[in-house]
Every structure is written in structure tokens, then in C-alpha cells.
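Residue numbers (full-length UniProt numbering): 1 to 62.
Worksheet: one structure, shown below.
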Amino acid sequence: MWDGMGFSGCPVGARTAVATFELYRRSTIGMCLTETLDEMVSGGTLSPELAIRVLVQFDKVY
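Have a look at this one:
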């Protein structure tokens, strides 16, 4: 589910992965990406599902 920061609720076993991608999501580029995606979802120009796919790809690259 999209919650403005990507995924809400994370499996307990994924805490290490979460800690890693949170580091990048909280960087300047990660915050700008998240803010832009949130604006696009709120404005109806991007589906929540596609926004999540973009963040997943960002997490893979960084």
C-alpha cells in the first residue's frame, strides 16, 4: 500500500533490507523522488502501483 514513503508494513525478516533502503530513501535524492511520486499520485498522473515500482527500482539501484 502506498503511504507517501512507499510501503506500509514490512515483514519482520526484512528489517536489514529496510534499514539499507531507508538510508537511501532519506537521502536528498530519495526524499525528492518520494515527494515527486507522492505529488504525482495525489494529482492522479501516476498510479500508486507504478509509484511503488519506481521506488522498488530505486532501492535496487541504490
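Yeah, the Cβ is synthetic: ideal placement off N, Cα and C, and Gly gets one too.
DSSP, reduced to helix, strand and coil, places residue 44 outside both helices and strands of the structure shown, so it counts as coil. Apart from sequence neighbours up to five positions away, the residues of its chain that approach residue 41 with a beta-carbon distance below 8 Å are 2, 47, 48, 51, ordered along the chain. Judged by DSSP in its simplified three-state form, residue 26 adopts coil rather than helix or strand.
Residue 31 and residue 25 have their C-alpha atoms spaced approximately 6 Å apart.
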